[in-house]
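Each residue of the sequence shown is one higher than the last, beginning at 1 in full-length UniProt numbering. All C-beta atoms in this analysis are idealised placements derived from N, C-alpha and C, irrespective of residue type, glycine included. Fair warning: this is a prediction, and the values are worked out from it, not measured in the lab.
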Amino acid sequence: MSELLNFNYPPEPATDRVTLFADVILPLPLPKLYTYRIPYEMNDEVSVGVRVIVQFGAKKVLSCIVADIHENAPADYQAKYILDVLDDKPIITAPQLKLFKWIADYYMCTLGEVINAALPSALKLSSESRIQLHPHYNPEEDEIIFAPQEEKIIFALQNNQALTFTEVGNLLQIKSYHKFIKSLIQKEAIIIFEQVSDKFSPKVVKKVRIAEHFVQEEGMLEELFNQLTPQPKQLDVLLNYLQFVPVHQDINLNYRGIEKNALTNNPHLSASSINTLIKKGVLEQFDQIVSRFPMEHESQQLPMALSEHQLQAKDEILGLFKEKETVLLHGVTGSGKTEVYIDLIKHALDSGGQVLYLLPEIALTAQIVTRLMKVFGDKLGIYHSKFSDNERAEVWQGVLSGRFQVVIGVRSSIFLPFHDLSLVIVDEEHEPSYKQYDPAPRYNARETALMMAHLQGAKTLLGSATPSIESYYNCKTGRWGLVNMTKRFGEAKLPEIELVDTRREQQRKNMHSHFSAKLLNDIEERLKRHEQVILFQNRRGYAPFISCDECSWIPKCKFCAVSLSYHKFNNELRCHYCGYHERMPHDCPACGATTLRSMGFGTEKVEDELKLLLPEAEVQRMDLDTTKKKNSYQQIISDFESGRTNVLVGTQMVTKGLDFENVSLVGILNADTIINFPDFRAHERAYQLFVQVSGRAGRKGKPGSVIIQTRDPLQPIFNKVRSNDYQTLYEHEIEERMRFGYPPFTRMIRVTVKHVDDKTAENAAIVLAKDLTDRLGKQQVLGPEVPYIFKIRNLFLQEIHIKLPRETTNLKSAKGQIAQAIFNLKLLADFKGVRIVADVDPM
Ligand SMILES: Nc1ncnc2c1ncn2[C@@H]1O[C@H](COP(=O)(O)OP(=O)(O)OP(=O)(O)O)[C@@H](O)[C@H]1O
Ligand SMILES: [Zn+2]
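Put into structure tokens, the structure is as follows:
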């Protein structure tokens, strides 16, 4: 369209002007796009994918994304004008827009919800958005040229902590003030205000170097030495500098200088001489922003040389990519999949494409980032929720501009504006945490990544030591390629797995609280040998509930149908579903007795008790409670890596992907809750969890062992885990799935009906299930039923499960039917305020 306009140059008289309209995606759960009129003078600026500012409703002004441009005025309302254009280039790419539409369709939500989840808050602006000075901007020193309007904003910000957009508008007394805000952000003088405590403040170190003209000009350095000979202390400083920075070998080394600390902390150098040299202009001080990643990464290293097995796997993968879009790498724990990925990433970058490397959890990124950083240096972007909004916006822009060619990140990185993807890696592809439960879009990053790769003509490599049944089935049927790595890297062997029957041990009085004598003994032995131990317990907190010995009272959440967990470190009872918390009472509120007792155990109790039982253990815990701060993962992992701690206790965070060479023992404290989980995937999950956590032991030469504590050692799953027998597990599971009509043979959609009144929720669910049955058939609709946890956040829940046979269902039309049924139900007067959530491929 804009091309058409260019052909019309010179501009035609006003009466013949083409009036253009833009359909925009508002970051709100609206069922459709809204059409705005493009002011004539903005015709050239507005394009698909840019952000524009519009007024929505009576008061709200917000930024939204242009999805389409056309000449059709809306039939049923008067289009308002677009107020301002924020970007001169699209911040959302064409393939991305296609992907977002797919997500909205497939996962049954609105495009607005997808955009809302996708964009970092710093890119979502509204009249209430606020700006502040960039924490690193120094008006005294930084010589930036500002427009007069920008000066005005800066001046106002120096007197105020933050200004809202509306306030900026009032200040400048113009309507289109956004371009000045945008320009100031680009000049790094301001940032979008962040409430969160972890503000974007790059770390700055004070450095010094010899003033450039002394090194650049022939003979100047000698001259300097001659001049300083009468001042031996100053000469010392200079010589010391040259020891760190051998400028005489390579004058370019001077530019990077050294940290000023390196000189000032040296007791043999005189502080006043250092300052004199700076005053004289021999040394110059400068600030360097160091990377927020704790690594020197200027020096790029070559990837490790692949072993024969790894090379073979890599060749097989590349071979299969010639005919298939997707390959699954099934490699046992410690087989060195990461190095194969690194090699393939390098391969992809060499041919000029972008790469996305997905990981299921932040805990994992901490270690792998270090490995990737060594090889890819500044080309590597990192994306996860512990980054501030401004940092995430920076990665977003970096992917757009091509600064980051590889991105490593958790599930939300599938939203990034890739436009030239050639490879997507989904590591630990079996992980349920790739699925977002709440809020919409309830997407699975693995499936979305596959679609993203497909839309951009890229290849996808999924990797796991314990593939999901669905993925393996795709290989068996020939849709995907399969590559196996059956041996650990180097000489390392898979660990020996031993079961301890806790019921029997209890009878024999061999249990010390939750530790069997065997487990304690083995931990002690490892610590004596200066080896390390990982202990896994699938629950955080001290105890999952407490109870009164006298009257059996159990504290429950006020809003959810669950008992409150006891957290000892802050003496709190806490709901793990809604976050409600209260102080742990001293006496029983029901009968007044002082006999409150904690029941069951979580990671906090494991940590506590182990410290008492084995005082020589340096125990560190990794779970949701100890990883709230931005760098806590990094800290816990590096403490363990360096040996400062020797026992790591944790929830599922410690079970996968982590690579510590000194771990020779893994303990699973209670296997039973995992096996007995009521879900058709329970068996698969248990296998994955046990094999993965076991796989943390004995990864480098030293033989590893695993102790699994269970009350039921005859469970058949243990044999499969012990012999690492994925094939048998797969065959057993796939047969059951076929027999009972579960994925991959069906697609499931879970519809949850919620209401404050349980009767209303139940009635609504009955009516909805009836309508769904009429539309989809009796076989396809199960329920409604009351879920195990029947109330969350004060809403009573009812669930309907829909199973759609994979081969015979037209998925699109079935989803249309479901959406229609939900829409119709909400129109009924009886069910006002009923909330309905559809979750496609629930996990
Ligand atoms: N070619 C190589 N040269 C040197 N060391 C290697 C090589 N390949 C792998 N390793 C080392 O072997 C160990 C295991 O590798 P890696 O972590 O990649 O295994 P993995 O297959 O990802 O395991 P998991 O599934 O358990 O995460 C690591 O410490 C890694 O550094
Ligand atoms: Zn609650």
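Close Cβ partners of residue i (< 8 angstroms) along its chain, the five nearest in sequence each way excluded
i, result
"Ala147", "Phe180, Ser183"
"Thr595", "Cys548, Asp549, Glu550, Cys588"
"Leu455", "Pro95, Lys98, Leu99, Trp102"
Proximity of residue i and residue j at Cβ, strictly below 8 angstroms
i, j, result
"Ser664", "Lys702", "yes"
"Pro120", "Arg392", "yes"
"Phe718", "Ala561", "no"
"Leu86", "Val54", "no"
"Trp772", "Ile800", "According to the sequence as given, residue 772 is Leu; it is not Trp. Yes, they are a contact pair."
"Leu516", "Pro544", "Leu is not the amino acid found at residue 516; the sequence shown has Ser there. No."
"Val410", "Thr365", "yes"
"Asp68", "Val48", "yes"
"Ser270", "Lys233", "yes"
"Ser468", "Glu429", "yes"
"Asn614", "Leu768", "One point to set straight first is that residue 614 is Leu, not Asn, in the sequence displayed. No, the Cβ-Cβ distance between Leu614 and Leu768 is not below 8 angstroms."
"Ile210", "Val247", "yes"
"Leu658", "Gln367", "yes"
"Cys578", "Arg793", "yes"
"Thr728", "Gln692", "no"
Same chain only: Cβ atoms within 6 angstroms of residue i, ignoring 5 sequence neighbours per side
i, result
"Asn571", "Met584"
"Ile38", "Leu20, Ala22, Val46, Ile82"
"Arg722", "Ile497"
"Met451", "Trp102"
"Leu125", "Ser63"
"Ile518", "Reading off the sequence, residue 518 comes out as Lys, not Ile. The answer, listed in chain order, is Val500."
"Val751", "Ile800, Ala838"
Simplified DSSP state of residue i, which is helix, strand or coil
i, result
"Val837", "strand"
"Phe489", "coil"
"Asp350", "helix"
"Phe193", "coil"
"Tyr580", "coil"
"Asn474", "helix"
"Leu665", "strand"
"His530", "coil"
"Glu212", "helix"
"Arg403", "coil"
"Thr229", "coil"
"Thr326", "strand"
"Val375", "helix"
"Met748", "strand"
"Asp427", "strand"
"Val245", "coil"
"Leu358", "strand"
"Ile708", "strand"
Where residue i falls, given that 16 or more other Cβ within 10 Å makes a residue buried
i, result
"Asn676", "exposed"
"Ser464", "buried"
"Arg597", "exposed"
"Lys629", "exposed"
"Glu661", "exposed"
"Asn6", "In this prediction, Asn6 scores a pLDDT of 37, lower than 50, which makes its location untrustworthy; no coordinate-derived value is stated."
"Met738", "exposed"
"Arg806", "exposed"
Residues bridged to residue i (per DSSP)
i, result
"His567", "Glu572"
"Val24", "Tyr34, Val66"
"Leu119", "Note: Leu119 sits in no beta bridge, so no partner."
"Arg699", "Answer by DSSP bridge pairing: none, since Arg699 is not bridged."
"Cys548", "Leu596"
"Ala543", "Tyr566"
"Ser516", "Met511"
"Leu648", "Ile534, Gln620"
"Gln727", "Gln727 pairs with nothing; no bridge assigned."
"Tyr383", "Gly409"
"Thr460", "Thr326, Val424"
"Tyr81", "Arg37"
Cutoff 8 angstroms: residue i Cβ touching any chain C Cβ
i, result
"Asn538", "Absent here is chain C; the protein component of the structure consists of one chain."
Proximity test, residue i beta-carbon vs ligand 4 heavy atom, cut-off 7 angstroms
i, result
"Ala366", "Ligand 4 is absent from the structure shown, which contains only ligand 1 and ligand 2."
Chain-order list of residues whose beta-carbon lies under 7 angstroms from that of residue i (same chain, five-residue window excluded)
i, result
"Tyr106", "Val840"
"Thr276", "Gln234"
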